[in-house]
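There are 2 protein chains.
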Amino acid sequence: MLQIRDGTLQALLWKRAREPFLGTWSLPGGYLEPGETLEQSIRKHLAAKVDVREVAHLEQLETLSDPDRDPREWQIATAYLGLVPTGVDPELPADTAWHPVSALPELAFDHREITLAGRERLRAKLSYTNIGFALAPAQFTISELRDLYAAALGHDVSATNLQRVLLRRGVIEATGERRAPGRGGGRPAAVFRFHSPRLEVTDEFAVLRPPSNK
Amino acid sequence: MLQIRDGTLQALLWKRAREPFLGTWSLPGGYLEPGETLEQSIRKHLAAKVDVREVAHLEQLETLSDPDRDPREWQIATAYLGLVPTGVDPELPADTAWHPVSALPELAFDHREITLAGRERLRAKLSYTNIGFALAPAQFTISELRDLYAAALGHDVSATNLQRVLLRRGVIEATGERRAPGRGGGRPAAVFRFHSPRLEVTDEFAVLRPPSNK
DNA sequence: TAGGTTTTCGCCTCAGAGTTGAAAACCTCG
DNA sequence: CGAGGTTTTCAACTCTGAGGCGAAAACCTA
Chain A
1 MLQIRDGTLQ ALLWKRAREP FLGTWSLPGG YLEPGETLEQ SIRKHLAAKV DVREVAHLEQ
61 LETLSDPDRD PREWQIATAY LGLVPTGVDP ELPADTAWHP VSALPELAFD HREITLAGRE
121 RLRAKLSYTN IGFALAPAQF TISELRDLYA AALGHDVSAT NLQRVLLRRG VIEATGERRA
181 PGRGGGRPAA VFRFHSPRLE VTDEFAVLRP PSNK
Chain B
215 MLQIRDGTLQ ALLWKRAREP FLGTWSLPGG YLEPGETLEQ SIRKHLAAKV DVREVAHLEQ
275 LETLSDPDRD PREWQIATAY LGLVPTGVDP ELPADTAWHP VSALPELAFD HREITLAGRE
335 RLRAKLSYTN IGFALAPAQF TISELRDLYA AALGHDVSAT NLQRVLLRRG VIEATGERRA
395 PGRGGGRPAA VFRFHSPRLE VTDEFAVLRP PSNK
């Protein structure tokens, strides 16, 4: 479960209350029950931590089957990537907290690799899908969106370029409204929204590159 | 398991000898045993059909968990995509055969969707990885490679452009040899090989597009 | 009203994909 | 052995889209 908070990409972690790895941070999850879909199971276990309706996007990452991934017994796990839009701040139990992905604590099992794989998946999909809808609030200005992209990608992004690229692809659209400038003034920013609240793949690829050198 | 044979992308199918779906075509596979890796299991079950050493690339696709995917009982399956280079023609048991992906027979379970998902994964990765190494023989000319790409992508590919793109990215390299022209003549073609026999992601994206109109 | 701030927009540059045509290097047949 | 056919290769051009820059727009505060 990833979200951009305070301008950084953060992951929802849970402090284990059971062996193995008692007391170390880990990804939320649990066992699959017979007759259940993987996604149903994920949502169910997630519901114990956050309000699941806040989860704007959920997608399967990978199924891990290394016999040594659990020190005690042979176990299979399917990892999912979930995204929560910026701005929502769900109630959390005491054993659960957000941690910046760039400075993760020690994690149980292979959860560190899973988290980093999730970040990579997100970064890649920002380039050729509309997945940003799951990171952004319903309404936003280009500057706000630029900050979200920059936080997720890990490098600066040009607002000019971002706007042009996303508009041409029809990923975002202007609402027509403008937002009053904050204190200190400045031209009021146009308000945009994502065209679709579901994952769609753009026909054109096209990476959002980091700014050239210097 | 996909391979390009006779200029078309084909899938290895197995005629089921057990219920359910007795007698219909399906993807090769089998049950996972305790302590086993998913990939180990796949290779083991595949070995019953083909020589596994022929498989140049194997990657996980997706884990299916829909309770209705097996009409009898709740079952989880993890699908893999395997690639066999053009040219090798492994011995096959009588109940196993290659079928063009563009004209699949009726398939058991959700195997049709899995097969098409595999084709999509292959097509996407041809654009930003060196995955072609798993489709091509060790040595090849640009024209041969163009035909492979065209078969996998489903549209024509320009040999000129393909060569330039793959060379600049360092994905393929000239061996220095040339191949004698076939009957009917023509300039002898330069022989190339893939630089690495392992999957590598190119830093630059960049789609190989179908030729413009006409 | 002057000066500061943020957003927006037009224009330019640059790189890489796609196109085209001609030269190169072979064959075969009369 | 030369003419004509075939396939490959290469250089030059076009086109599209990403990235960069600076000026104008539209607000604020003092």
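Chains as they are written, first to last, in our numbering: chain A, 1 to 214; chain B, 215 to 428.
Virtual Cβ for every residue (Gly too), placed ideally from N, Cα, C.
- In this structure, DSSP gives A/R169 a state outside helix and strand, which the three-state scheme calls coil.
- Rounded to whole angstroms, A/S41 and A/Y31 show a C-alpha spacing of 8 Å.
- In the DSSP annotation of this structure, the continuous segment of the beta strand (DSSP E) that includes B/A293 starts and ends at A291 to V298.
- The beta-carbon distance between A/R178 and A/V191, rounded to whole angstroms, is 6 Å. This is short enough to meet the 8 Å contact definition.
- For B/K258, there is no enclosing beta strand (DSSP E); the enclosing alpha helix (DSSP H) has its first and last residue at L252 to A261.
- Put simply, of A/I131, A/G170 and A/D156 the residue whose alpha carbon is nearest the alpha carbon of A/E59 is A/I131.
- Between B/L367 and B/L340 a beta carbon distance of about 6 Å is seen, short of the 8 Å cut, so the two are scored as contacting.
- The DSSP-derived three-state label of A/A117 is helix.
- Secondary structure at B/L216: strand, using DSSP grouped into helix, strand and coil.
- Around the CB of B/V415, fewer than 16 other CB atoms lie within 10 Å, so the residue is classed as exposed.
- Per the coordinates, the alpha-carbon of A/T78 lies some 12 Å from the alpha-carbon of A/D66.
- A distance of 9 Å or more separates the beta carbons of B/V269 and B/L306.
- In the structure shown, the three-state DSSP call for B/T416 is coil.
- For A/H195, no pairing in a beta bridge is given by DSSP.
- B/I386 and B/R412 have their C-alpha atoms roughly 12 Å apart.
- Secondary structure at B/L246: coil, using DSSP grouped into helix, strand and coil.
- For the options B/P425, B/G296, B/T277 and B/L260, the alpha carbon positioned closest to that of B/A364 is the one of B/P425.
- The criterion of a C-beta distance shorter than 9 Å is not satisfied by B/H313 and B/L380.
- If you check the CB distance, B/A348 and B/P299 come in under 9 Å.
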